[in-house]
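Participant: Please find one structure pasted underneath; my questions will follow.
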Amino acid sequence: MNNPRGQKLKAAATRIKGGVVRRAIRWSQTQPEWAQVGPPHPRPTPVVEQALRLSPAMLHDPTPSPALTAELAWQTPSDPPSSQELFRLDGEMLPCWQESDVGLYDDWLINPTYYPYYDAFFQQVSKPDGPTRLLEIGVRTGYIAAIFARAARGRTMYVGVDPNVYLRNGLDLASATLQRLRSELNTNEFALIEGFSWDVDVQKTLAYSGPFDLIHIDGDHTLLGKLIDLELARRLLAPGGLVLVDDYSYHPPISDAIRRSLALGWYHEFALIPTMRGLAVLR
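Have a look at this one:
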């Protein structure tokens, strides 16, 4: 970081590393039973509890907003780059690229309608005349961070939150990726926070570092976890900003959470980008 605000954010993120939750996670990772024990469970806030209590009669499949759809003006890329091209720099794959992810589940890493569509989307919504600020909940190894840094038309600020539990060296790979891109592009700043998005200290740090123009939610895929992230995102979003939710068409709890957030008025507009798993856009 080379600016006062960035230095304060980095210092706050460093303090979080000493938190009780993270120490508990680190301890758990050393235990042989870790494979059978899930992460700590968040407690819903009253507003999230309200969303959980909504009756099915109050929930409806969202209709795409004509205004937001027209503003996004999504067009399927005619000749998009491959995922391999997007994650290759100077003839080498970026550190985020993991061969073990190729062929995982439904070939999401190399599917032509996944990261190539994100690349086109970030080109379209980034600001050429000012920094575009992106918060990502659920970093993995930094795939989205890399796409964002390379696709944006101007300077960028990326903040990523991840418990570093599901892929233990994920944040190290993301950091190496973003440092490599910064040395090449000199247009991207970043901060990585190790922790759960529902942790109070993490949320305080994010509140200080916001607001964000874009928030990409791809963390906890349970209904409770997604509602917590959606409610957090609405408080961190800049005026006119967009919340992006991956896996809308793929994982039922995600579309359920979005229906509930719209029913309560957390968001008022909905659009859908036809990625392989469906990218919901909320405002």
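Heads up: the sequence shown begins at 794 in my numbering, then just goes up one per residue. All C-beta atoms in this analysis are idealised placements derived from N, C-alpha and C, irrespective of residue type, glycine included.
1. Since F989 is in the beta strand (DSSP E), which residue starts that stretch and which ends it?
2. Pop quiz: L927 and D1006 are said to be a contact at Cβ under 8 Å. What is the actual Cβ separation, rounded to whole angstroms?
3. Which first and last residues belong to the alpha helix (DSSP H) in which A844 is found?
4. What separation, rounded to the nearest whole angstrom, lies between the Cα atoms of T823 and T934?
5. Would you mind working out which of P909, W901 and G884 sits nearest T869, comparing C-alpha positions?
6. Take W901 and list the residues in its own chain whose beta-carbon comes closer than 6 Å to its own, dropping the five residues that flank it on each side.
7. In the DSSP assignment, the alpha helix (DSSP H) including F915 goes from what residue to what residue?
8. Whole angstroms are fine: how far does the CA of S919 sit from the CA of S1095?
9. Who pairs with V1074 in a beta bridge, going by DSSP?
10. Have a look at R1028 and F915 and give me their C-alpha separation to the nearest angstrom.
11. Please confirm whether G988 and V954 have their CB atoms less than 8 Å apart.
12. How many whole angstroms separate the CB atoms of L852 and R1076, which I take to be in contact at a CB cut-off of 8 Å?
13. I'd like the span of the beta strand (DSSP E) that includes F1005, first residue to last.
14. Can you tell me which of the three DSSP states R926 falls into?
15. Residues in its own chain within less than 6 Å of L1020 by CB, not counting five upstream and five downstream?
16. Taking the Cβ atom as the reference point for each residue, do L978 and A942 lie within a distance shorter than 8 Å?
17. Figure out for me which residue from V895, Y911, V952 and G923 has the closest Cα to the Cα of I780.
18. Which term fits T1068, buried or exposed, when burial requires 16 or more other beta carbons within 10 angstroms of its beta carbon?
19. Label G896 either buried or exposed according to how many other C-beta atoms from any shown protein chain fall within 10 Å of its C-beta, with 16 as the threshold for buried.
20. Does Y1001 come out as helix, strand or coil in the three-state DSSP assignment?
21. CA-CA distance, L960 and W991?
22. Can you tell me the Cα-Cα spacing of A1064 and G884, whole angstroms?
23. Going by C-alpha to C-alpha distance, which of T1015, Q877, Q917 and D922 sits closest to N904?
24. Let's see if you can read the secondary structure: which residues bound the beta strand (DSSP E) around G953?
25. Between which residues of its own chain and S858 is the CB-CB distance below 7 Å, once the five residues before and five after are set aside?
26. Under DSSP, the alpha helix (DSSP H) around A967 begins and ends at which residues?
Facilitator: According to the data block:
1. Unbroken run through F989: none, as it is neither H nor E.
2. 7 Å
3. P839 to R846
4. Per-residue confidence for T823 stands at a pLDDT of 35, beneath the threshold of 50, marking its modelled position as unreliable; no derived number is given.
5. P909
6. Y907
7. Y908 to V918
8. The chain is shown from 794 up to 1076; residue 1095 falls before or after that span and cannot be answered.
9. L1037 and A1064
10. 22 Å
11. yes
12. Their Cβ separation, rounded to whole angstroms, is 20 Å, which puts L852 and R1076 out of contact at 8 Å.
13. F1005 to I1010
14. strand
15. V841, A844 and A1050
16. yes
17. An answer regarding residue 780 cannot be provided, because it is not within the stretch 794 to 1076 covered by the chain.
18. buried
19. exposed
20. helix
21. 19 Å
22. 36 Å
23. Q877
24. T949 to D955
25. E1062, F1063 and A1064
26. G963 to L978
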